[in-house]
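This report refers to the structure that appears directly beneath it.
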Amino acid sequence: MKEKKLCIIVPAYNEAESIEKVINNIITNYSCYDYVIVNDGSTDNTADICRNKGYNIIDLPVNLGLTGAFQTGLKWALKQEYEYVIQLDGDGQHDPRYIEGMLELADSENLDIVIGSRFVGEKKPFSLRMFGSKIIDLIIRIKSGKRLSDPTSGMRLFNRKVVKVMSHDINMGPEPDTVAYLIKCGAKVKEYKVEMSDRETGESYLNLSNSIKYMWKMCFSILIFQNFRERKKI
Amino acid sequence: MSLILRIILIFSSVFTCVYIQRKIRKSKFKIEDSIFWICLSLVLVLVSVVPQIPSFFADLLGFESTVNFVFLLMIFLLLVKVFLLSRKVSETEDKLKQLVQEVAIGRKEKEE
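Chain order of the listed sequences is X and R. Counting with my numbering, you get residues 11 to 244 for the letters of the first sequence. Counting with my numbering, you get residues 11 to 122 for the letters of the second sequence.
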């Protein structure tokens with residue numbers, strides 16, 4: 011039996027144009043890792059493409075949102091007894107060649123979370139998006155004393171202990187506030203330098219109104235709600 | 011606004027905050043959903059601690075007494091919330107319907 015080390019979770023919502031490329035890359039170049047696509051009730055033919063190609067897919071019949079979709083992947087990985095999971099977006103932004111390094115870092119230093127960061131030891135370019143990222147970085151630093159140069163990066167590796175906590179809680183989306191909360195719970199977090207390409211296809215989820223909502227929720231969640239939340243043992 | 015009304019408002023706002031805080035602690039409330047209630051409580055506290063604010067708006071809009079404005083404000087906020095909720099219920103019902111259909115079709119396919 012293959013050792014069940016790492017599972018790549020690929021949440022996909024309407025990624026018909028890019029999913030094939032992303033998964034083919036994993037299958038041909040990184041076949042040492044298992045992967046699972048969680049199709050979040052896409053309205054295009056993402057699910058059909060995956061089935062025709064025989065990809066490993068969990069097909070949600072309705073749209074749950076990123077939190078619900080990612081949690082589905084976590085639950086599956088937990089059942090399959092994987093030691094680590096990593097989130098890899100279905101739009102081709104995240105390059106799987108960094109997985110090995112992230113995994114090694116987690117293994118050697120016994121870390122709970124490794125975040126693939128674009129800005130380790132680098133200055134952030136100035137844009138509205140980076141401004142938001144800076145604010146989140148700042149409030150995480152205020153609350154937990156930990157510096158995260160790229161808190162909004164979606165490329166995160168979690169170990170089994172963290173997955174267990176994340177897989178069923180109501181307020182545990184794969185977002186910076188969850189990372190901040192987990193740090194408070196005692197999770198050991200480090201960043202690993204990665205490069206990310208821009209979205210190749212599809213539309214970014216972050217339009218202006220969504221961005222404001224997102225920032226609002228993150229600030230509220232990290233600054234205020236974190237004080238109330240029960241600290242789970244990790 | 012009478013003092014007693016202000017005290018009641020403050021009391022109920024604080025109670026709401028504490029209640030929500032406890033629900034969050036036990037992971038029974040989504041953060042997105044609780045933001046509205048916390049903000050509503052804060053507004054009510056503000057209105058009752060600094061009654062000059064509602065009386066300014068009451069004068070501006072031509073209300074005879076401040077308390078009428080406070081009531082209208084609360085009704086308005088609650089209407090907005092009811093509207094948002096009813097939209098959410100529609101969405102949820104539709105998702106439930108799709109899920110039930112999915113399960114039933116899946117079960118039939120298994121039997122065949």
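Quick reminder that beta carbons are idealized off the backbone N, C-alpha and C, glycines included.
- A Cβ-Cβ distance of about 5 Å is found for the pair residue 20(X) and residue 100(X), placing them in contact under the 8 Å criterion.
- Under a criterion of Cβ atoms nearer than 8 Å, the residues of chain R adjacent to residue 239(X) are, in order, 34, 35 and 37.
- Counting along the chain, no beta strand (DSSP E) covers residue 69(R); the unbroken alpha helix (DSSP H) around it starts and ends at 62 to 71.
- Taking every protein chain shown into account, the CB of residue 162(X) has 16 or more other CB atoms within 10 angstroms, so this residue is buried.
- For residue 139(X), the three-state secondary structure derived from DSSP is helix.
- Separation of residue 116(R) and residue 131(X) (C-alpha to C-alpha, rounded to the nearest whole angstrom) is 52 Å.
- For residue 42(R), the C-beta contacts it makes with chain X under 8 Å involve 227, in order along the chain.
- In the structure shown, the three-state DSSP call for residue 186(X) is helix.
- Using a C-beta cut-off of 8 Å, the region 158 to 173 of chain X makes contact with the region 129 to 143 of chain X, since at least three inter-stretch Cβ pairs fall below that distance.
- Residue 108(R) has a beta carbon lying within less than 8 Å of a beta carbon in chain X.
- The straight-line gap separating the alpha-carbon atoms of residue 188(X) and residue 231(X) is approximately 9 Å.
- The closest CA to that of residue 43(R), considering only 110(R), 98(R), 114(R) and 104(R), is found on 98(R).
- Between the alpha carbons of residue 86(X) and residue 124(X) lies a distance of about 20 Å.
- Distance from residue 30(R) to residue 39(R) at the Cβ level is roughly 6 Å; contact confirmed, criterion being Cβ atoms closer than 8 Å.
- Assigned with DSSP and collapsed to three states, residue 91(X) falls in coil, not helix or strand.
- If you draw a 10 Å sphere on the C-beta of residue 201(X), you find 16 or more other C-beta atoms in it, and that means buried.
- Under the three-state reduction of DSSP output, residue 45(X) falls in the strand class.
- Within the region 120 to 131 of chain X, contact with chain R at the beta-carbon level (separation under 9 Å) is assigned to no residue.
- Under the Cβ criterion of 8 Å, residue 179(X) is counted among the residues facing chain R.
- Here residue 175(X) carries a helix assignment [DSSP, helix/strand/coil].
- As the crow flies, the alpha-carbon of residue 24(X) is around 20 Å from that of residue 224(X).
- Beta bridge pairing from DSSP links residue 126(X) with 202(X).
- The shortest C-alpha to C-alpha distance from residue 42(X) to any of 71(X), 178(X), 18(X) and 60(X) is the one to 18(X).
- Nearest C-alpha to residue 204(X) among 128(X), 59(X) and 118(X): 128(X).
- For residue 13(R), the enclosing alpha helix (DSSP H) has its first and last residue at 13 to 35.
- With respect to the C-alpha of residue 41(R), the residue from 243(X), 242(X), 235(X) and 244(X) having the closest C-alpha is 235(X).
- Legend: CB atoms of the region 62 to 86 of chain X lying less than 7 Å from CB atoms of chain R belong to residues 71 and 72.
- DSSP places residue 86(R) inside the alpha helix (DSSP H), whose first and last residues are 76 to 121.
- The CB of residue 168(X) never comes closer than 8 Å to any CB in chain R; the least such distance is about 18 Å.
- Cα atoms of residue 66(X) and residue 80(X): separation of roughly 15 Å, rounded to the nearest angstrom.
- Shown here for residue 22(X): same chain residues with a beta carbon closer than 6 Å to its own, the five before and five after excluded, namely 29, 47, 49, 56 and 100 in chain order.
- The residues 77, in chain order, have a CB closer than 7 Å to that of residue 15(R) in the same chain once the five nearest residues on each side in sequence are set aside.
- According to DSSP, residue pairing for residue 68(X) in a beta bridge involves 48(X).
- In the three-state scheme derived from DSSP, where H, G and I count as helix and E and B as strand, residue 169(X) is classed as strand.
- Non-local C-beta neighbours of residue 120(X) in its own chain, meaning closer than 8 Å and more than five positions away in sequence, comprise 198, ordered along the chain.
- Residues of chain R whose Cβ lies closer than 7 Å to the Cβ of residue 221(X) do not exist; the shortest such Cβ separation is about 15 Å.
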